[in-house]
Amino acid sequence: MTCTLRELIDALPSPHLLAPAAESDRKRLLDAPIRSVCCDSRAAGADSLFFCLRGTRSDGHDFASAAYRQGTRAFVVEQPLPALPRDAAVIRVPDSRAALADGAAAFYGYPARSMRIVGITGTKGKTTTACLATHILNRCGIPTGYIGTNGADFAGLHLPTVNSTPESLELHRILRRMLDAGVRTCVMEVSSQGLWMGRVRGIPFHACLFTNLSPDHIGGVEHPDYAHYRACKKSLFTDYPLDLALCNADDAEAAFMVGGVTAPVQGFSVSDKPAVPGGVSPDWLAADIRPVQRDGVPGMAFTVTAPGGSSPCFLPLPGVFNVSDALGALALCREGFGVPVAQAAEALADAAVPGRFETVTHPAQPGVTYIIDYAHNGLSLAAILDTLRAYRPTRLICLFGSVGERTTGRRAELALAAANRADLCILTSDNPGCEPPEDIIREIDASFPPDACPRLRIPDRADAIRAAVALARPGDMILLAGKGHEDYQLIGTSRLPFRERDILTAALDACSTAKANV
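Right, here's the structure in full:
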């Protein structure tokens, strides 16, 4: 993509050109071609427009000189940069993050304006709902892309992303690539941080869906309190163009989330109880919900009743919470895209969500089932352990840790969730970052009540997985919680390769080899 600096400045909020002072220099720089937009000085070059963003750990203004040394001569700032030479164009704006969102959209030709974009928010269930909806739409002949925790997927391509909701620059770059590939529909996860940081600023949403809400991402560099977290989530429904709103009517926060929305609202429910007083009346209902196995795959059967008709459904994911996510996806596809209920239900039957209830079995350990799942907060862990218990394992073993440096309140929540639901817990590392793993594990362990299940403490996660394999007996179900789809582990300042399924499979293969050599 190429445009002039003048064209990009016209797209920015309240821009003020600080430098250069000479009119001849201004004209030359304003008419210069811009071939890349960036906020990382390492990506800056001679034809770049560099946005100086303030972050929680660093300030982009401190890296402007580095970008200049690499040839950059155009900068968007919130404060003057006297250290820059006089031949640089410096554009001051009130909010450089907002400016980045507007500038990125303009640079990539406003791809969102030519697409139908769905935003899914909530504490839990965003990834599952988004992946199920994307699968249904693609199966039903509507080419659809996905952006979220699992990266970006469209037209047979997979692009890794850093955040569930990418920075605005990355987001518009991905949307441009989708549109160029002929994909005009995108289902994306919209996180509270993404809303707070303005990453989806300017996106016109075709539909938005709310899954549920509970305290999470609070403390440290994240939200200061629950009220702030809650308000950020709600902003998706009040601060953005919207054609349709869908919400989980079983959640106590549903009415708050869609309150004041002028677009049509559709509620969905998996409960056989009356609607929450003062809440949202459900239009979509799931009934006769029961755990089943189809061709050896554990899942859930249910009947969906909706304004567009009713249909029996099979979901190849266990747990009522997954039924709620599936019901939301079905409602979205019918109400937002006109997919008949029966056709959507048929597509649902072979859906899969990477890192969500991935089951692993191995000939070396007949009767043992391993489950890899992204459950990384107390509510998610409790829900999946309760679901697994319904399959009556001989022992239910839970391996988990918690992230370092942030969201420290999760540690006690995770401990309490596992304390009396698992028969044995293996406490290990998740993404410790620069916090010592032993300190995190010690804090989790101290949060278990006196009558809780026994625990093992193994800081190295790969060693912990190998220990779980060594402990396994027929009839056991072993949950590896917290990493799910992730293919890395954050240790110190390094992002190291770490794919849980590969490590587990290698341990099981070694177990098989050891048995063969006996």
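According to our numbering, the sequence shown is numbered sequentially starting from 57. Each residue gets a CB set at the ideal place from its N, CA and C atoms; glycine is no exception.
Measure the C-alpha to C-alpha separation of residue i and residue j and round it to an integer number of angstroms.
i: D532; j: H418; result: 13 Å
i: A357; j: S367; result: 11 Å
i: Y166; j: L109; result: 21 Å
i: A154; j: G254; result: 6 Å
i: I173; j: M244; result: 7 Å
i: I534; j: R467; result: 20 Å
i: E556; j: V409; result: 15 Å
i: C95; j: H117; result: 10 Å
i: V332; j: D479; result: 35 Å
i: I482; j: P515; result: 9 Å
i: P354; j: A398; result: 22 Å
i: A189; j: C196; result: 11 Å
i: Y426; j: L373; result: 14 Å
i: P347; j: S337; result: 26 Å
i: S247; j: T184; result: 14 Å
i: F370; j: S325; result: 17 Å
i: Y447; j: V218; result: 35 Å
i: A237; j: L105; result: 26 Å
i: A407; j: Q349; result: 15 Å
Restricting to Cα atoms, I'd like to know which of the options is closest to residue i.
i: C242; options: G411, P199, L251 and A405; result: P199
i: I176; options: C303, R346 and F456; result: C303
i: L227; options: L64, Y164, S248 and V397; result: Y164
i: A211; options: E223, V218, V239 and L225; result: V239
i: R169; options: R91, R257 and T179; result: R257
i: A403; options: E414, A382 and G392; result: A382
i: A439; options: A405, D96 and F377; result: F377
i: P69; options: D87, R148 and Y124; result: R148
i: Q421; options: D272, L564, V326 and L435; result: L564
i: G392; options: L298, C187 and S248; result: L298
i: G384; options: R346, V416, D306 and L441; result: D306
i: T450; options: A287, R477, H432 and A471; result: R477
i: Y285; options: D272, F370, D81 and D406; result: D272
i: E63; options: A287, K83 and L74; result: K83
i: A471; options: E491, H432 and C490; result: H432
i: I496; options: K289, E461 and V360; result: E461
i: Q322; options: R232, S97 and A310; result: A310
Keeping to the same chain, check which residues put their C-beta closer than 7 Å to that of residue i; ignore five residues upstream and five downstream.
i: I559; result: A518 and I521
i: A524; result: I453, L455, I482 and I534
i: I547; result: P488
i: A501; result: It should be pointed out that residue 501 corresponds to Asp in this sequence rather than to Ala. Same-chain partners within the cutoff: L483, R511 and R513.
Excluding five sequence neighbours on each side, which residues of the same chain lie with their C-beta closer than 6 Å to the C-beta of residue i?
i: D486; result: G457, S458, V459 and G538
i: P424; result: Looking at the sequence provided, one finds Val at residue 424 rather than Pro. Cβ within range, chain order: A528 and D532.
i: F107; result: C95, V132, S152 and L156
i: S270; result: T179 and L435
i: F261; result: I173, G175, Y296 and L298
Along the beta strand (DSSP E) that carries residue i, what are the first and last residues, could you check?
i: E134; result: Looking at the DSSP string, E134 is not in any beta strand (DSSP E), and its letter there is neither H nor E.
i: R511; result: R511 to R513
i: A237; result: It is not in any beta strand (DSSP E) - A237 carries neither H nor E in the DSSP assignment.
i: E414; result: E414 to V416
i: I192; result: First-last for I192: K182 to R195, but that is the alpha helix (DSSP H), not the beta strand (DSSP E).
i: D339; result: P338 to R350
i: F293; result: No beta strand (DSSP E) holds F293; the alpha helix (DSSP H) holding it covers Y282 to T294.
i: S604; result: Here the chain has residues from 57 to 574 only, and residue 604 is not among them.
In terms of residue numbering, what span does the alpha helix (DSSP H) encompassing residue i cover?
i: V397; result: V397 to L404
i: S503; result: From DSSP, S503 is part of no alpha helix (DSSP H); its letter is neither H nor E.
i: H541; result: Neither: H541 is in no alpha helix (DSSP H) and is coded neither H nor E.
i: D115; result: Note, D115: premise wrong, no alpha helix (DSSP H); not H, not E.
i: D66; result: L61 to A67
i: Q249; result: S248 to W252
Just checking my contact of residue i with residue j at CB under 8 Å: how many whole Å lie between their CB atoms?
i: R445; j: D429; result: Not confirmed; about 14 Å, so no contact.
i: T463; j: G275; result: 6 Å
i: A162; j: A67; result: 4 Å
i: W340; j: A308; result: Incorrect: roughly 18 Å between the Cβ atoms, too far for contact.
i: I230; j: A263; result: Contact doesn't hold; Cβ gap of about 19 Å is too wide.
i: T221; j: G201; result: That pair is no contact at about 14 Å.
i: I90; j: A120; result: Incorrect: roughly 16 Å between the Cβ atoms, too far for contact.
i: A100; j: Q126; result: 5 Å
i: A526; j: A475; result: Not confirmed; about 23 Å, so no contact.
i: A401; j: L386; result: 7 Å
i: A88; j: T60; result: 7 Å
i: R142; j: P71; result: With a Cβ gap of about 19 Å, R142 and P71 do not count as contacting.
By Cβ distance below 8 Å, which residues in the same chain neighbour residue i in space, the five residues on each side in sequence not counted?
i: L235; result: P167, S170 and M171
i: P396; result: G364, G365 and R390
i: A160; result: V93, S224, L225, L227, H228 and R229
i: D158; result: A67, L68, P69, R257 and G258
i: A139; result: A120 and S121
i: F554; result: R517, A518, K539, E542, D543, Y544 and Q545
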